[in-house]
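Down below is the structure, laid out as structure tokens.
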Amino acid sequence: MSLQVKDIKKSFGKGQSETPVLKGINFEVNEGEFVILNGASGSGKTTLLTILGGLLSQNSGDILYNGKPLYDSEQKASELRLNEIGFIFQSSHLVPYLKVRAQLTTIGREAGLSKKEANERAEKLLEQIGLAHRLNVFPHMLSGGEKQRVAIMRALMNQPKIILADEPTASLDAERATEVIEMIKQQIQSKQMIGIMITHDKRLFEYADRVIELDNGVIVND
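Residue numbers (this note's numbering): -11 to 210.
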């Protein structure tokens, strides 16, 4: 299983105001591999990750998953986002009226788990991240770090094949950030997922199999 990015180009605006953001991106990530995207602000990292997740379309180029186009219709893109792809954003984006357990079980039920299976998986994931005691509280009762840990476990709830993370540890202290990245990497390796993460925290680079550096819309180091 592999994810191939072939000559991805993306511009915003038209005519004289057109701004190229990605200028031909090429790389491949294999199953069980954890890759970090790094680069200065404006280098195109988040745009690339958003395209990989099917939330934004490229102007040209292809994304192949096991040799086939990853997104060839909006319906397929929606199904993939639910069943195959786990997103972790910089902001937790928790649903304010759902308790912590329900943040996860809702995803599990939508992905086809029974109520019992969803509850058991949610409790196991939250225990792993040190939040078993927060199962029945609402997001406003959590610290920023706790919210982000819930969001990370929510992304793993549907047992995705691809994990995409945009600065997932930005709101965590150094110790907790390390714990979270170790756990994400362990999940990627044990479940043979494909993991791609944006981070500026060079202390976390050692946990990656590769670091891909972008500058001004091109890869300058891999």
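All residues carry an ideal CB built from backbone N, CA and C; glycine is no exception.
Self-check item: Buried versus exposed, by CB contacts within 10 Å (16 or more), GLN91
Solution: buried
Quiz prompt | Candidates LYS2, ALA143, ILE51, LEU(-9): closest to GLN78 by CA position | solution = ALA143
Quiz item: To the nearest angstrom, how far is it from the Cα of THR217 to the Cα of VAL9?
Solution: Nothing in the structure corresponds to residue 217, since the chain is present only between -11 and 210.
Quiz item: Measuring CB to CB, does ILE150 end up less than 8 Å from ILE73?
Solution: yes
Quiz item: In its own chain, which residues sit with a C-beta less than 6 Å from the C-beta of GLY20, not counting the 5 before and 5 after it?
Solution: The residues are GLN177, GLN180.
Quiz item: Based on Cα-Cα distance, which residue from THR187, GLU115, GLY205 lies nearest to ILE76?
Solution: Looking at the Cα atoms, THR187 is the closest of the given residues.
Practice problem: Give every residue of the same chain whose Cβ lies closer than 7 Å to the Cβ of LYS33, excluding the five residues on either side of it in the sequence, and list them in chain order. | Solution: LEU25, GLY27, ILE186, LEU202
Self-check item: Where TYR85 falls, given that 16 or more other Cβ within 10 Å makes a residue buried
Solution: Per the 10 Å Cβ criterion, exposed.
Quiz item: For VAL83, which three-state DSSP category applies?
Solution: coil
Quiz item: So what does DSSP say about GLU6, is it helix, strand or coil?
Solution: coil
Exercise. Report yes or no: do the stretch 168 to 176 and the stretch -3 to 7 share at least 3 C-beta pairs separated by less than 8 Å?
Key: no
Quiz item: How many Å lie between THR157 and ASP197 at the Cα?
Solution: 18 Å
Quiz item: Once you ignore the five residues that flank GLY41 on each side, which residues in its own chain have a CB closer than 8 Å to its CB?
Solution: Once the five neighbours on either side are set aside, the close Cβ partners of GLY41 are ARG69, ILE73, PHE75, LEU152.
Practice problem: Please classify ASN124: is it buried, with 16 or more other beta-carbons within 10 angstroms of its beta-carbon, or exposed? | Solution: exposed
Quiz item: For SER115, does the three-state DSSP call read helix, strand or coil?
Solution: Sequence inspection shows Glu at residue 115; the Ser mentioned does not correspond to that position. DSSP places GLU115 in helix when its eight states are reduced to three.
Practice problem: Under 8 Å Cβ to Cβ from LYS104, same chain only, skipping five residues before and after it: list those, please. | Solution: none
Self-check item: Under 8 Å between C-beta atoms of VAL168 and ARG122
Solution: Using a Cβ distance threshold of 8 Å, VAL168 and ARG122 do not count as a contacting pair.
Quiz item: Would you say GLY96 and MET145 are within 8 Å of each other, going by their C-beta atoms?
Solution: yes
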